[in-house]
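Protein chains in written order, with our numbering: chain E, 2 to 581; chain S, 28 to 128. Virtual Cβ for every residue (Gly too), placed ideally from N, Cα, C. Accompanying notes for the structure given below.
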């Protein structure tokens with residue numbers, strides 16, 4: 002995201018110029034330039050750019066009484082009908098959806114009431130009078146209309162106001178400059194907006210490498226023994242370590258990988274992880290570890306390589322300032338947060354980190370840790386079975402082929418934007434751009450779910466095709482590195498080729514666009530049997546021939562009714578090879 | 028904290044440091060008693076002046092525990108008013124705080 006600044010439109014019924022100033026002058030990435038729409042003209046700013054430049058991102062932050070007139074009536078204690086208020090909310094949400102055509106992303110702030118508002122006091126959270134009751138429903142209605150729209154995200158400003166404390170609202174600021182919020186709220190809003198933009202750009206961190214002694218537990222396990230560690234018990238420090246481990250475990254549950262870099266004897270440290278009765282994190286919770294006496298920076302590089310992650314995905318947590326300083330200096334891409342000396346602050350410090358925020362969460366994210374555990378099982382089997390063919394057969398790999406649909410498009414977009422190595426053209430598309438691209442009649446997108454006897458790797462492959470007369474173009478060929486080398490690649494080609502044959506195309510062409518990271522894709526394509534030019538960038542297949550699908554992979558099709566899927570075009574040998 | 032000039036100007040500097048976070052590097056306000064804030068040579072536009080007033084009142088409340096009103100007496104009406112420079116603002120703040128104690 003370094004480089005050119007991103008143009009962000011601020012759309013509001015109050016004066017957001019100060020927020021714009023904070024955003025433009027905050028040195029955190031991404032750098033942004035701001036254009037503030039005339040305040041008080043929210044709907045026209047949403048629907049009509051009025052000569053303003055096309056922004057990449059819009060922030061829509063409104064006061065509820067201003068954009069939902071009936072809510073204004075309710076604040077005046079006039080009776081209003083709830084369904085009519087919610088109809089106004091839906092109408093406003095439709096304006097936001099209409100504006101989405103002009104922006105890659107739209108950030109919408111949920112509505113709030115100022116802390117000085119008492120409304121009906123004791124009755125304000127209750128029907129039929131309570132404004133707070135109504136506002137809760139309005140926010141839920143807004144979310145329910147917007148949440149399925151790709152590229153639209155809802156922010157909750159209540160957190161910004163809470164952190165600003167008593168200066169969150171300033172009547173004087175309102176009367177002087179038509180801005181109801183104090184500077185602290187706007188500063189925090191700028192941080193959160195930038196954090197959201199980093200998440201949308203795919204900069205979320207994916208791996209936490211954590212130290213053990215005095216970080217995951219109190220004490221030095223090599224000296225004290227696992228029985229004497231400070232962990233749990235009737236001890237405030239022991240309880241704090243347990244809570245820190247719980248926070249790490251919660252992150253693991255939402256798809257952040259955990260690993261260990263510790264200077265210890267491996268057997269001693271693993272024994273502590275297995276044996277201590279109050280240990281929350283066990284060895285199987287970690288995707289990898291380097292427990293030895295080597296330099297931690299070197300260990301982190303090894304762990305990232307082993308897990309197929311770039312260093313920009315890594316966070317390193319260590320209580321020792323010297324180790325933090327060493328890793329910061331050696332590996333500037335790794336995020337090394339300053340870590341409090343007070344153990345009771347460990348859990349909250351981790352909870353407050355925004356670097357793990359992702360713009361979408363998919364089933365693959367939730368089961369990522371299990372997938373890495375399964376990968377360890379595959380590796381162990383590979384060491385036991387000497388012949389690669391026997392190993393592949395023993396995996397019992399199954400591939401399910403799907404088209405782009407409402408339930409998989411978030412994951413497909415995620416794969417588009419995260420995959421570097423096995424990526425033919427490295428096209429980056431937002432979810433909405435992807436849906437728009439695939440809507441053309443001549444185009445086809447196949448998504449591939451992969452599983453085997455060790456577990457479900459989830460949706461990990463994508464092929465897109467554009468059929469133009471007698472020639473079919475493969476626009477994208479994407480496969481997550483976690484399933485590379487298990488004959489899924491060849492299966493994807495077989496599916497694509499049989500589909501094109503079924504569409505009576507004569508030739509399938511694919512252009513390899515080199516990047517700094519996608520050489521593995523080129524290495525694969527050279528071995529596919531496709532013909533290629535001297536520069537080895539253009540590959541083509543004569544569709545008079547089918548493509549022999551790997552015998553070790555079973556293929557199922559889960560295509561929508563009426564779809565012209567490859568199962569209707571698969572040649573006999575391909576069905577026999579791939580489907581059994 | 029005593030409502031003397033030294034403490035008052037430190038409050039103003041703290042506010043200006045916050046305002047500088049809203050400004051580009053080359054437009055940052057110099058933290059000096061002679062810096063012109065309002066008027067023909069003033070560093071602040073009307074929005075920044077509003078922010079200066081609100082933040083200064085909040086900082087005074089925090090530092091001295093009293094409420095002051097910097098908008099009293101039409102401070103924008105004259106270029107020779109208390110918002111003219113950092114120095115005049117600090118003196119004005121110290122006076123207002125003393126009156127409250």
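Which listed residue (E:293, E:271, E:294) has its alpha carbon closest to that of residue 286 of chain E: Against the first chain, residue 286 of chain E aligns to sequence position 285. Among E:293, E:271, E:294, the Cα nearest to that of residue 286 of chain E is on E:271.
Whole-angstrom distance between residue 140 of chain E and residue 434 of chain E, CA atom to CA atom: In the first chain, residue 434 of chain E corresponds to position 433, counting from 1. In the first chain, residue 140 of chain E corresponds to position 139, counting from 1. It is roughly 27 Å from the alpha-carbon of residue 434 of chain E to the alpha-carbon of residue 140 of chain E.
Residue-chain proximity (residue 60 of chain E, chain S), Cβ-Cβ < 8 Å: As a working note, residue 60 of chain E is residue 59 in the first chain. Judged by the 8 Å Cβ criterion, residue 60 of chain E is not in contact with chain S.
Residue burial classification, residue 63 of chain E (beta-carbon count within 10 angstroms, cutoff 16): Here residue 63 of chain E corresponds to residue number 62 of the first chain, with the count starting at 1. Buried, since its Cβ has 16 or more Cβ neighbours within 10 Å.
Residue nearest to residue 374 of chain E in terms of C-alpha spacing, selected from E:253, E:49, E:10: The residue labelled residue 374 of chain E in the question sits at position 373 within the first chain. Here the closest residue by C-alpha is E:253.
Buried or exposed by the 16-neighbour rule on C-beta atoms within 10 Å, applied to residue 511 of chain E: In the first chain, counting from the first residue as 1, residue 511 of chain E sits at position 510. Buried, since its Cβ has 16 or more Cβ neighbours within 10 Å.
Entirely enclosed alpha helix (DSSP H) segments - the segment 396-484 of chain E, minimum 4 residues: Counting only runs of 4 or more residues that sit fully inside the segment 396-484 of chain E, the alpha helix (DSSP H) segments are 410-419, 432-439, in chain order.
Assigned secondary structure, residue 289 of chain E (DSSP; H/G/I helix, E/B strand, else coil): Looking up residue 289 of chain E in the first chain gives position 288. In the structure shown, residue 289 of chain E sits in a strand (DSSP, three-state: E or B).
Residue 424 of chain E, buried or exposed, once every other Cβ within 10 Å from all chains shown has been counted against 16: Stepping through the first chain from its first residue, residue 424 of chain E is reached at position 423. Under this definition residue 424 of chain E is a buried residue.
N-terminal and C-terminal residue of the alpha helix (DSSP H) that residue 383 of chain E is part of: Counted from its first residue, the first chain places residue 383 of chain E at position 382. Element bounds for residue 383 of chain E: 369-385.
At least three beta-carbon pairs within less than 8 Å, the segment 175-182 of chain E to the segment 8-24 of chain E: Because the criterion of three Cβ pairs below 8 Å is met, the segment 175-182 of chain E and the segment 8-24 of chain E touch.
Residue ranges of each beta strand (DSSP E) within the segment 252-300 of chain E, 3 or longer: Counting only runs of 3 or more, we get 258-264, 289-293.
Best match in E:463, E:443, E:442 for proximity to residue 582 of chain E [C-alpha to C-alpha]: This structure cannot settle anything about residue 582 of chain E, because the visible part of chain E is limited to 2 through 581.
Below-8 Å beta-carbon distance, residue 59 of chain S vs any chain E residue: Here residue 59 of chain S is taken as the residue at index 32 of the second chain, counted from 1. No, no contact with chain E.
Residue-level contact to chain E via CB, residue 49 of chain S, 8 Å cutoff: For the purposes of this step, residue 49 of chain S is taken as the residue at position 22 of the second chain. Residue 49 of chain S has a beta carbon lying within less than 8 Å of a beta carbon in chain E.
8 Å contact criterion, which residue 90 of chain E and residue 143 of chain E should meet: CB distance rounded: Taking the first residue of the first chain as position 1, residue 90 of chain E is located at position 89. Taking the first residue of the first chain as position 1, residue 143 of chain E is located at position 142. The beta-carbon separation of residue 90 of chain E and residue 143 of chain E, rounded to 6 Å, stays under the 8 Å limit for a contact.
Neighbour flag for residue 45 of chain S against chain E, beta carbons, 8 Å: Taking the second chain and counting its residues from 1, the one referred to as residue 45 of chain S is at position 18. Residue contact with chain E for residue 45 of chain S: present (Cβ-Cβ distance below 8 Å to some residue of chain E).
Interface residues of chain E facing residue 81 of chain S [CB-CB closer than 8 Å]: Your numbering for residue 81 of chain S matches position 54 in the second chain. Within 8 Å Cβ-Cβ: 171, 173, 174, 177, 183, 184.
Near-chain C residues of the segment 8-35 of chain E - C-beta to any C-beta below 8 Å: In summary, chain C is missing from the structure at hand, where the protein chains are E and S.
Helix, strand or coil at residue 532 of chain E according to DSSP, with G and I counted as helix: The residue you call residue 532 of chain E lines up with position 531 of the first chain. Looking at residue 532 of chain E - three-state DSSP - the assignment turns out to be strand.
When E:404, E:401, E:382 are compared against residue 394 of chain E, the one with the closest alpha-carbon: For the purposes of this step, residue 394 of chain E is taken as residue 393 along the first chain, with counting starting at 1. Minimum Cα-Cα distance from residue 394 of chain E among the listed residues E:404, E:401, E:382 corresponds to E:382.
Per-residue DSSP class, three states only, for residue 99 of chain S: Position 72 of the second chain, counted from the first residue, corresponds to residue 99 of chain S. In this structure, DSSP gives residue 99 of chain S a state outside helix and strand, which the three-state scheme calls coil.
Neighbour-count burial assignment, residue 31 of chain E, 16 or more Cβ in a 10 Å radius: What you label residue 31 of chain E is simply residue 30 of the first chain in a count that begins at 1. The residue in question, residue 31 of chain E, is buried, as its Cβ has 16 or more Cβ neighbours within 10 Å.
Nearest neighbour of residue 591 of chain E, chosen from E:416, E:407, E:278, E:507 [CA to CA]: Lying outside 2 to 581, the shown extent of chain E, residue 591 of chain E is not represented and no answer is given.
Pair within 8 Å by beta-carbon distance, residue 27 of chain E and residue 191 of chain E: Residue 27 of chain E sits at position 26 when you count from the first residue of the first chain. Residue 191 of chain E sits at position 190 when you count from the first residue of the first chain. Result yes, Cβ atoms of residue 27 of chain E and residue 191 of chain E sit closer than 8 Å.
C-alpha gap between residue 241 of chain E and residue 484 of chain E, whole angstroms: Here residue 241 of chain E refers to the residue found at position 240 of the first chain. Here residue 484 of chain E refers to the residue found at position 483 of the first chain. Each residue's alpha carbon lies about 38 Å from the other.
Coil, strand or helix - residue 558 of chain E by DSSP: Your numbering for residue 558 of chain E matches position 557 in the first chain. Here residue 558 of chain E carries a strand assignment [DSSP, helix/strand/coil].
Beta carbon proximity, residue 77 of chain S to chain E, threshold 8 Å: Position 50 of the second chain holds residue 77 of chain S. With 8 Å as the cut-off, residue 77 of chain S counts as an interface residue toward chain E.
Cutoff 8 Å: residue 74 of chain S Cβ touching any chain E Cβ: Numbered from its first residue, the second chain carries residue 74 of chain S at position 47. Residue 74 of chain S counts as touching chain E.
C-beta neighbour in chain E for residue 127 of chain S, strict 8 Å: Within the second chain, numbered from 1, the residue matching residue 127 of chain S stands at position 100. Judged by the 8 Å Cβ criterion, residue 127 of chain S is not in contact with chain E.
Option in S:106, S:71, S:113, S:91 with minimal Cα separation from residue 126 of chain S: Numbered from 1 along the second chain, position 99 holds the residue referred to as residue 126 of chain S. Distance check between residue 126 of chain S and each of S:106, S:71, S:113, S:91 places S:91 closest, using alpha-carbon atoms only.
Any C-beta of chain S under 8 Å from that of residue 168 of chain E: Start at 1 with the first residue of the first chain, and residue 168 of chain E comes out as number 167. At a cut-off of 8 Å between beta carbons, residue 168 of chain E contacts chain S.
DSSP bridge partner residues for residue 219 of chain E (one or two, in chain order): For the purposes of this step, residue 219 of chain E is identified with residue 218 of the first chain, where counting begins at 1. In DSSP, residue 219 of chain E forms a bridge with E:231.
Within chain S, partners of residue 188 of chain E - CB distance below 8 Å: For the purposes of this step, residue 188 of chain E is taken as the residue at position 187 of the first chain. Listed along chain S are 48, each with a C-beta nearer than 8 Å to that of residue 188 of chain E.
Residue 197 of chain E and residue 232 of chain E closer than 8 Å at C-beta: Here residue 197 of chain E refers to the residue found at position 196 of the first chain. Here residue 232 of chain E refers to the residue found at position 231 of the first chain. Contact flag unset, no.
Given residue 467 of chain E as reference, the closest of E:500, E:314, E:529, E:490 once Cα atoms are compared: By one-based count along the first chain, residue 467 of chain E stands at place 466. That would be E:500, whose Cα lies nearest to the Cα of residue 467 of chain E.
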